[in-house]
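Q:
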Amino acid sequence: MPKSKADSAMAKEALEAVKAMVPDPKLAEKILKRRLYNREQQRRHRSNKAEEIVRLRGEVAELETEKAGLADSGGDDEMDTMLPWKEVSCGILECIEDTSQSNRDMKVLRRHNHDRIQRITEATVDRISDDVSTLLFLSSHYFNQYGSVPFNDECHYHWGLDLSHIEDEAAKLAAFHRHIARAGNEFVGALAPLLHFV
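In this note's numbering, the protein residues as written are 22 to 219.
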């Protein structure tokens with residue numbers, strides 16, 4: 022199978038897998054595009070690293086050739102074939118600094134992502150902090166639809182949803198279900214960009 026067809030088939034399978042987890046097709050497609058973008062960035066990063074390794078190996082080979090030439094023409098003194106100690110020490114220090122800076126950047130990024138996840142989670146917990154009352158409301162609605170508290174009042178109190186303009190009970194329930202589904206999709210959409218850091 023050609024690579025383009027294989028990639029297309031894999032993309033379709035990935036989209037179907039995301040759709041199975043996320044009911045909203047637009048949100049599922051958005052999540053898939055984000056994942057494909059991240060995967061492409063990782064592939065490019067690996068490709069750039071491979072090219073850098075090839076370049077460095079070429080430079081090492083050139084230095085080895087130059088060193089061998091100096092050894093052939095410069096007598097028996099081993100010191101003549103050694104690199105200057107200042108260049109070696111500067112190179113080592115630069116490598117150490119680059120590694121340390123990369124580690125610092127990764128720690129900052131990880132801390133930033135953890136803070137974002139914490140803020141989203143806290144906001145979500147605050148939004149559904151009255152979950153016990155909500156569950157009682159749902160059970161009372163399904164098993165005792167003629168309770169003392171009207172359905173409209175419960176929806177408005179627990180979910181901020183005004184159904185007073187809808188007369189038909191079935192239409193009210195459908196509007197309530199759409200509201201709950203939309204709230205769930207918003208929560209998944211807010212977390213989606215952070216899933217690859219978890």
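Each residue gets a CB set at the ideal place from its N, CA and C atoms; glycine is no exception.
Does Asp189 come out as helix, strand or coil in the three-state DSSP assignment?
A: Asp189 falls in the coil class under three-state DSSP.
Q: Which of the three DSSP states is assigned to Gly112 in this structure?
A: helix
Q: So what does DSSP say about Leu53, is it helix, strand or coil?
A: Leu53 falls in the helix class under three-state DSSP.
Q: If Lys193 sits next to Ile201, beta carbons under 8 angstroms apart, how far is it from one beta carbon to the other, in whole angstroms?
A: Not really, about 13 angstroms apart at Cβ, beyond 8 angstroms.
Q: So, is Ile52 buried or exposed, given that buried needs 16 or more other C-beta atoms within 10 angstroms?
A: buried
Q: Our contact map puts Ala196 next to Leu184 with C-beta atoms below 8 angstroms; I'd like the distance itself, whole angstroms only.
A: 6 angstroms
Q: Going straight from the alpha carbon of Thr120 to that of Gly79, what length do you get?
A: 22 angstroms
Q: Output needed for Gly112: all residues of its chain with C-beta closer than 6 angstroms, excluding positions within five of it in sequence on either side, in chain order.
A: Taken in chain order, the list of residues that qualify is empty.
Q: Quick one: Cα of Arg65 to Cα of Asp189, how far?
A: 56 angstroms
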